[in-house]
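Note sheet for the following structure.
Residue numbers (this note's numbering), protein chains in the order written: chain A, 23 to 288; chain B, 18 to 297.
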């Protein structure tokens, strides 16, 4: 069940994109989502797609991962597109009109643009998570949040929680699987019956999972304290992020891309 | 030589307990530097509570604990923790780092050790427990014994003078247990390390210099493995299994064979059996 989930998975590799600094990747991905909204005509979208496909080709990750990344969201995308097509009024030639529902040239083009935006955003964020180990992402988030220390935001603590949470995801998944099987062995049917019966069946899974998480937290806190953890201050760091030339180049390429988009937009 | 751990008249009670119910009552003992001491006793006899008192995770109601010349108090607790490395029971719940090398570095990060030194110490420690090929692996992809070896590597890197094993091998299979004990012996051979192991495992207790038996929060008895194992079947009441040689003796006794009452190691037992047959 969980193994089908593409979003948030990491595919090991050794491409230029894999070796980029996670801070650069994270910031540039957000930046990319921002500049998608500059695009407002066909040439700009062609440039954006060409750029995204080039990045994907460079990463060496199989295309199927990206297609699978879009699949779970396809209904949401189509729903938004259809709403846009049916309810946008005015602009261009009107093909069909019935009450408040209008299909116009303007509406159709906007619908296609929105579809393109969704696909671009999903492709780029999938590329980010597929090429960056979760741990590096949490390091990058810690670094990016650092300025918030000035307003007494507990950056170290949030980063620690994030990295512990990431580290325990597979452990808790295993445990969920074990408890499910143990409860199945005792006659609980998961995913059977109507909605209320299904919800009832989740209780013997959730409660043991919560209780064991509390016990884990207690044990982990004891172990951390025994190993001298006194809070974020005065700690040195084992993992460090390195900004390479390739990260500067990537930034430059994004700036050029922004220039091209601004030049081409209508 | 002055003892590295000195406990005097230690009393401990959990906050929710009534005034006359103590988890630990008047415990006094001391451990010499380099000694390997096993603490045995039933479930709920207070062994783990004792371990947590030693490094200040729990604060005693009365009594004094002196570790490496420092009396444990609110001011000295972090210095004392630096002297003591602790490995706990559940390999999953004490793995803090997201990868093996992160976990080994965790104590060093807490001490604020510069990164260059951390890199060499982590690599060294992983080599010593033979986990260098796993440095960038995630805990979910390791076996229980491997996780406990990583926990030990974390201790090696932090260089404590005392190692407390709080049932560190009780959730492992026999092979994982043997691996971990082997690693600890190697650690002890390389440096003067004092080991205090809380255990139900007979092999672990047998390889100790001294055994402390705790029963219902009292220190019932302290002696060498030979002295303690001489109790034979009474060992089961102390929360320990019987060593193989003792079980063999008991089985022979049931067959009507006259067996020596003193404790024999497996080799001693083999020698005795050899002589028994050749005398006839």
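Idealized CB from N, CA, C, for every residue including glycine.
Reduced DSSP secondary structure (H/G/I, E/B, other) of residue i
i	result
residue 240 (chain B)	strand
residue 211 (chain B)	strand
residue 2 (chain B)	Because chain B spans 18 through 297 in this model, residue 2 (chain B) falls outside it and cannot be assessed.
residue 287 (chain A)	coil
residue 120 (chain A)	strand
residue 111 (chain B)	coil
residue 282 (chain B)	coil
residue 80 (chain B)	strand
residue 221 (chain B)	helix
residue 29 (chain B)	strand
residue 46 (chain B)	strand
residue 21 (chain B)	coil
residue 87 (chain B)	strand
residue 279 (chain A)	helix
residue 257 (chain B)	coil
residue 75 (chain B)	coil
residue 39 (chain B)	coil
residue 25 (chain A)	Caution applies to residue 25 (chain A), whose pLDDT of 47 falls short of 50 and renders its modelled position unreliable; the model cannot decide the point.
Residues that residue i contacts on chain B, provided the C-beta gap is smaller than 7 Å
i	result
residue 180 (chain A)	In chain order: nothing, as chain B lies at least about 15 Å away.
residue 162 (chain A)	The premise fails here: residue 162 (chain A) is roughly 14 Å from chain B at the closest Cβ pair, so nothing lies under 7 Å.
residue 241 (chain A)	105, 107, 110 and 111
residue 262 (chain A)	132
residue 45 (chain A)	Simply none; closest approach about 17 Å.
Enclosing alpha helix (DSSP H) for residue i [first to last residue]
i	result
residue 66 (chain A)	64-81
residue 40 (chain A)	38-41
residue 190 (chain A)	177-207
residue 171 (chain B)	161-175
residue 155 (chain B)	Here residue 155 (chain B) belongs to no alpha helix (DSSP H), and DSSP marks it neither H nor E.
residue 241 (chain A)	217-248
residue 190 (chain B)	No alpha helix (DSSP H) holds residue 190 (chain B); DSSP gives it neither H nor E.
residue 143 (chain B)	132-145
residue 57 (chain A)	44-58
Selection from the options that minimises the alpha carbon distance to residue i
i	options	result
residue 161 (chain A)	A:172, A:144, A:179 and A:145	A:179
residue 263 (chain A)	A:164, A:240, A:32 and A:190	A:164
residue 92 (chain A)	A:279, A:138 and A:202	A:138
residue 227 (chain B)	B:273, B:289 and B:242	B:242
residue 70 (chain B)	B:53, B:94 and B:58	B:94
residue 234 (chain B)	B:116, B:37, B:20 and B:245	B:37
residue 209 (chain B)	B:161, B:173 and B:251	B:173
residue 280 (chain A)	A:32, A:44, A:73 and A:47	A:73
residue 42 (chain B)	B:25, B:53 and B:162	B:25
residue 231 (chain A)	A:108, A:218, A:241 and A:198	A:198
residue 183 (chain A)	A:246, A:94, A:32 and A:276	A:246
residue 63 (chain B)	B:52, B:53 and B:75	B:75
residue 203 (chain A)	A:121, A:227 and A:66	A:227
residue 218 (chain B)	B:187, B:230, B:245 and B:238	B:187
residue 122 (chain A)	A:133, A:109, A:130 and A:134	A:109
Neighbouring residues, chain A, relative to residue i (Cβ below 7 Å)
i	result
residue 74 (chain B)	244, 247 and 248
residue 123 (chain B)	249
Contact set between residue i and chain A, taken where Cβ atoms lie within less than 8 Å
i	result
residue 130 (chain B)	258
residue 116 (chain B)	157
residue 99 (chain B)	250
residue 90 (chain B)	The premise fails here: residue 90 (chain B) is roughly 16 Å from chain A at the closest Cβ pair, so nothing lies under 8 Å.
residue 135 (chain B)	258 and 260
residue 360 (chain B)	There is simply no residue 360 (chain B) to check, as chain B begins at 18 and stops at 297 in what is shown.
residue 171 (chain B)	249
Interface residues of chain B facing residue i [CB-CB closer than 9 Å]
i	result
residue 192 (chain A)	155, 156, 157 and 158
residue 188 (chain A)	115
residue 238 (chain A)	107, 109 and 110
Within chain A, partners of residue i - CB distance below 9 Å
i	result
residue 53 (chain B)	The premise fails here: residue 53 (chain B) is roughly 20 Å from chain A at the closest Cβ pair, so nothing lies under 9 Å.
residue 119 (chain B)	157, 185, 189, 260 and 261
residue 95 (chain B)	250 and 252
Start and end residues, beta strand (DSSP E) containing residue i
i	result
residue 231 (chain B)	227-232
residue 102 (chain B)	101-104
residue 57 (chain B)	53-57
residue 179 (chain B)	179-183
Residue i: CB within 7 Å of a non-hydrogen atom of the ligand GTP
i	result
residue 286 (chain A)	With respect to the ligand GTP, the structure shown offers nothing to examine, as it has no ligands at all.
- Report the residue ranges of all alpha helix (DSSP H) runs contained in full by the segment 85-168 of chain A; include only those spanning at least 4 residues, in chain order. 85-92, 96-109, 127-153 and 156-167
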